[in-house]
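Novice: Questions regarding the structure given below will be posed in turn.
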Amino acid sequence: MFTLHYRLERRAIGMTLGIIAAASIGGFVEIAPLFTIDQTVEAAPDMRVYTPLELAGRNIYMREGCYACHSQMIRTLRDEVERYGPYSLAVESKYDHPMLWGSKRTGPDIARLGGKYSDEWHVRHLLDPRDVVPVSIMPSYGWLMENDLRIDDLRDQLATQRAVGVPYTPDMIRHAADDAYAQANPDGSGVKDLTARYGEATTVRAFDGTPGRLTEMDSLVAYLQILGRLTDAASRDTLAKDLE
Amino acid sequence: MDVISNLTMDERRRALLILLVMALVGLTFAAAGHGDPIAVHGALVLVLSLALAFPVMGHLYDPEPSIERFNAYYDDPSKVGVILTFVWAAFAMFVGDWVAWLMVEPTWTTGSAWSSFGRLRPVHTTGVIFGFGGNGLIATSFYVMQRTCRVRLPDQLSPWFVLIGYNLFCILAVTGYLLGITQSKEYAEPEWYADLWLVIVWVTYFVLYMRTLARREEPHIYVANWYYMAFILVVAMLHIVNNLAVPVSFLSAKSHSLFSGVQDALTEWWYGHNAVAFFLTAGFLGMMYYYLPIRAGRPIFSYRLSIISFWGITFMYMWVGSHHLHHTALPQWVQTLGMTFSLVLLVPSWGSAANALLTLNGAWHKVRDDATLRFMMIAAVFYGLTTFEGSFMAIRSVNALSHYTDWTVGHVHAGALGWVAMITFGALYASIPWLWKRERMYSPALVEVHFWLALSGTAVYVFALWNAGIIQGLMWRTYTENGNLAYTFLDSVVAMRPYYIARALGGLLYLLGALAGCLNLYLTIRFAAPATEAASRKPLRDGLDDAATQPAE
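Protein chains in written order, with the UniProt record's numbering: chain A, 1 to 244; chain B, 1 to 553.
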């Protein structure tokens, strides 16, 4: 074996091919089956896609690096289920390009944050976390209220999501900017079209408290309020297992 | 501008052409990408390209460099690389310590978006891993490949393209985060256009390495080069697969990753953990396998052990990424495979650590007297400790406690501060006098100061976060007698405060050490006594004993 290597290490191409071969096997064996084995991702026929406003909010969540301190992956451990809710299923992040499971909890997990607090709480918390949670060490995000949400590229954003496999319809893509505006303006005219496209359960509110103006705050709060609520597969799944 | 005049006229012309094409590309994005942050990056590329193009133009018609150059190694890129390594160290460690203080006192920012924790943190991680670590690897790899192959670099332009192109990638990355441009994939945050640029740079790097190897005058490829090759090759694989994404448009900085959910999670941690393996381990093992035996004046302890370790690491690391996803929605069979390979991986890891430490047998008096060699020795010790800790934390039941806590951060820093940075500083302190033809570093005492600051900083940092992480993990899972969770999440946040203070202080010590290194580098270049003729030739003629490049057995 060592004589063989004695010869191999005299050939740069031989070493190159050897390294590529040795390093390819592990990833191939582990990653490739995840795309082919059906049980990897559960079925959830009721699952809906993010609205344009929520998707924009998700982009802001990534831009501000929120994932560095908040996970969105509740593990299958008793204390986590009791603290945060039903453990996360693979299907719940099926439309997440990329996933935001996170790797560190400087703050709590927020996989099931949606609906837990009011919009007003979120706005105050994002403007100054210590206003509502005195011992918090979270940063303040004052600029979210000042910045108008960029909506001119939402159409392209949705089209790109469709290109990577999220089932947005051409209709949804065409009206992306209108739908974003409608979701934060409950009294506006676009609400009916929005709910027709994304379902009656879509939350339509002036998330930042000021209808008429579409801010980044609207968008981020809309995203935070949908976390864990795209499908109820997780609560159904754990319920079924409890009954067994 | 000797550096430019040392290029041949042909190389100068080609350099100018490349810079002008880059300036044009920058101009296009700056002009067409209005309203999108990509325009800022376009302008940045334009300015940087022109800033380099003007001096090249000024020296375009300087006479051809002397033919004498073929009698020496080509070290200009290594010199600039060494300086850049120190600059990135100072910058990225400063940002690191700043964000560490933000976890103690969240209001210590400017209040502007760019200076918030979430944007600064990737500036720190990218700055340290890719800026500091990457420049250290590139600078030393140019140095090492020439000495171990006993041949000059095949041309003078491609090493500059690699070094400057790579630093452009790093600058696009960190300025991007401040502007809010990020893919959000941990340790792979740069967006699609920066990623594509890195592919071009990286292919050039690999081709340069292969061309140098092809011209070598040594029959065998020395073990340090195996590791540098694995570093270049596998990082290319990881980078390309993990960054597959579709841009929103060609004039938008934003892209959406090709994979989603669980597949994306495993791809990300396959990348993430192997960035640790092939960027932060293989590359730096290459560094160690050259500089440690040279500085100690001893051949590598065991040739066979280096073969086993090398192939063990190359094969097994690629399986272990899934240990970042224990108890998650990732199928259990993948978690179990990851855990199993993580445990077996300890064998080749400790093989390398033992090979390094046993090489020092017979040279321990040098370790005592020479802080440079001591940097390398401590690095090997931390490499052994961290790989043990890593295998331990990959066990599913241990991971249930440690995951999501500061223990992970402490573990990473044991590796980054104790292993990666220490071996780099050791290698740099060894190369600087050789590169600049000096007798020694200007101040050996300052190297000694740096060593003790680095070691104490690492110890404070790592102990603080061990405590922090384990307390956090225990608080999250403690139940009262009535069967309720004993602590709220906020209780655990409050409990972290003393440890976060200690961590920030440990980081500060480490930063001060790096600044001492910067000062010493400056003093050595400016004021240190030039080496006598014999000493300056040493690395050229017989810097490496035959015993050290040839198999020991």
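Beta carbons are placed, not taken as given, at the ideal position from N, Cα and C, and that holds for glycine. Computed from a prediction, not measured in an experiment: that's the story for all the values here.
Per DSSP, what kind of secondary structure is Arg440/B in: helix, strand or coil?
Specialist: Correct three-state label for Arg440/B: coil.
Novice: What separation, rounded to the nearest whole angstrom, lies between the Cα atoms of Asn185/A and Arg205/A?
Specialist: So the alpha carbons of these two residues sit roughly 6 angstroms apart.
Novice: Which residue wins for smallest C-alpha separation from Asn243/B, given the options Tyr187/B, Ser141/B, Glu439/B and Asp491/B?
Specialist: When each option's Cα is compared against that of Asn243/B, the closest is Tyr187/B.
Novice: Using a beta-carbon distance cut-off of less than 9 angstroms, what residues from the segment 108-137 of chain A approach chain B?
Specialist: Answer in chain order: Pro108, Asp109, Pro129, Arg130, Val133, Val135, Ser136 and Ile137.
Novice: What are the boundary residues of the alpha helix (DSSP H) that Ser309/B is part of?
Specialist: Element bounds for Ser309/B: Tyr303 to Met316.
Novice: For the segment 277-311 of chain B, list every residue whose C-beta sits within 7 angstroms of some C-beta in chain A, in sequence order.
Specialist: If the cut-off is 7 angstroms between Cβ atoms, the segment 277-311 of chain B has Arg304, Ile307 and Trp311 near chain A.
Novice: When you check each C-beta in the segment 467-494 of chain B against every C-beta of chain A, which residues fall closer than 7 angstroms?
Specialist: Here the close residues are Trp476, Arg477, Leu485, Phe489, Leu490, Val493 and Val494.
Novice: Let me know the beta strand (DSSP E) ranges lying completely inside the segment 219-299 of chain B, each 3 residues or longer, listed in chain order.
Specialist: Entirely contained in the segment 219-299 of chain B, the beta strand (DSSP E) runs reaching 3 residues are, in chain order, 245-247 and 255-257.
Novice: To the nearest angstrom, how far is it from the Cα of Trp419/B to the Cα of Gly114/A?
Specialist: Using only the alpha carbons, I get a separation of about 42 angstroms.
Novice: Please compile the residues from chain A whose C-beta is within a distance smaller than 8 angstroms of the C-beta of Gly180/B.
Specialist: Per Cβ cutoff of 8 angstroms: Arg63 and Glu64.
Novice: Near Ala202/B, which residues of its chain fall below 6 angstroms by C-beta distance, leaving aside the five closest residues on each side in sequence?
Specialist: Reading off the sequence shown, one finds Trp at residue 202/B, where the question assumed Ala. The answer, listed in chain order, is Ala236.
Novice: Is the shortest distance between the beta-carbon of Gly26/A and the beta-carbons of chain B less than 7 angstroms?
Specialist: For Gly26/A, the answer is yes, since a Cβ of chain B falls inside 7 angstroms of its Cβ.
Novice: Could you have a look at Leu508/B and say whether DSSP puts it in helix, strand or coil?
Specialist: Looking at Leu508/B - three-state DSSP - the assignment turns out to be helix.
Novice: Around the Cβ of Ile25/A, are there at least 16 other Cβ atoms within 10 angstroms (buried) or fewer (exposed)?
Specialist: With fewer than 16 other Cβ atoms within 10 Å, it is exposed.
Novice: Locate the alpha helix (DSSP H) running through Ile25/A, then write down its first and last residues.
Specialist: Taken as a continuous stretch (DSSP letters only), the alpha helix (DSSP H) holding Ile25/A covers Ala12 to Thr36.
Novice: For the candidate residues Arg147/B, Ala139/B, Ile181/B and Gln156/B, whose alpha-carbon lies nearest to that of Asn167/B?
Specialist: Checking every option, the nearest Cα to that of Asn167/B belongs to Ala139/B.
Novice: Given a cut-off of 7 angstroms on the beta-carbon distance, is the pair Trp350/B and Gly384/B in contact?
Specialist: Taking 7 angstroms as the Cβ cut-off, Trp350/B and Gly384/B qualify as a contacting pair.
Novice: Using a Cβ cut-off of 7 angstroms (strictly closer), state whether Ser235/A contacts chain B.
Specialist: So, not an interface residue.
Novice: How far does the alpha helix (DSSP H) with Glu146/A in it reach, from first residue to last?
Specialist: That run of the alpha helix (DSSP H) goes Trp143 to Glu146.
Novice: Please report whether the beta-carbon of Gly250/B lies at a distance below 7 angstroms from any beta-carbon of chain A.
Specialist: It should be noted that the sequence gives Phe, not Gly, for residue 250/B. With 7 angstroms as the cut-off, Phe250/B does not count as an interface residue toward chain A.
Novice: Contact criterion: CB-CB distance below 7 angstroms. Does Asp97/B meet it with respect to chain A?
Specialist: Not closer than 7 angstroms to any Cβ of chain A, the Cβ of Asp97/B fails to qualify, so no.
Novice: Looking at C-alpha atoms only, which residue of Ala416/B, Gly35/B, Val262/B and Pro37/B is the closest neighbour of Ala379/B?
Specialist: Answer by Cα proximity: Ala416/B.
Novice: When the Cα of Ala514/B is compared with those of Leu84/B, Leu485/B and Ala363/B, which residue comes out closest?
Specialist: Among Leu84/B, Leu485/B and Ala363/B, the Cα nearest to that of Ala514/B is on Leu84/B.
Novice: Note down the Cα distance separating Asp178/A from Ile181/B, rounded to an integer number of angstroms.
Specialist: The alpha-carbon atoms of Asp178/A and Ile181/B are separated by roughly 25 angstroms.
Novice: Does the Cβ of Ala234/A have 16 or more other Cβ atoms within 10 Å, making it buried, or fewer, making it exposed?
Specialist: The residue is buried, with at least 16 neighbouring Cβ atoms inside 10 Å.
Novice: So the alpha helix (DSSP H) Leu77/A belongs to, where does it begin and stop?
Specialist: Here Leu77/A belongs to no alpha helix (DSSP H), and DSSP marks it neither H nor E.
Novice: Cutting at 7 angstroms between CB atoms, please list the residues of its own chain near Val320/B, excluding the five before and the five after it.
Specialist: For Val320/B, where only same-chain residues beyond five positions count, the Cβ hits under 7 angstroms are His273, Gly338, Phe341, Ser342, Leu345 and Ala394.
Novice: Buried or exposed: Arg119/B, going by 16 or more other Cβ atoms within 10 Å of its Cβ?
Specialist: Buried is the call here.
Novice: Which of the three DSSP states is assigned to Leu113/A in this structure?
Specialist: Here Leu113/A sits in coil by DSSP.
Novice: In three-state DSSP terms, what is Thr8/B?
Specialist: Reduced to three states, the DSSP call for Thr8/B is coil.
Novice: How would you list, in chain order, the residues of chain A whose beta-carbon sits under 9 angstroms from the beta-carbon of Pro106/B?
Specialist: The contacting residues are Pro129, Arg130, Ser136, Ile137, Met138, Pro139 and Ser140.
Novice: Within the continuous alpha helix (DSSP H) that includes His365/B, where are the two ends?
Specialist: Start and end: Trp364 to Asp369.
Novice: Closest Cβ-Cβ distance between Pro98/A and chain B: below 7 angstroms?
Specialist: True, the Cβ-Cβ gap to chain B drops below 7 angstroms.
Novice: For Arg48/A and Gly390/B, I'd like the C-alpha separation in whole angstroms.
Specialist: Approximately 39 angstroms between the Cα atoms of the pair.
Novice: Could you list the residues in the segment 215-247 of chain B with a C-beta less than 7 angstroms from some C-beta on chain A, going in chain order?
Specialist: So the list reads Pro219, His220, Ile221, Trp226, Met229, Ala230, Leu233, Val234, Met237 and Val246, given in the order they occur along the chain.
Novice: Please go through the same chain and pick out, in chain order, the residues whose beta-carbon is closer than 7 angstroms to the beta-carbon of Thr549/B, but skip the five residues on each side of it.
Specialist: The predicted model places Thr549/B with a pLDDT of 48, which falls under 50 and marks its position as unreliable, so this point remains unresolved.
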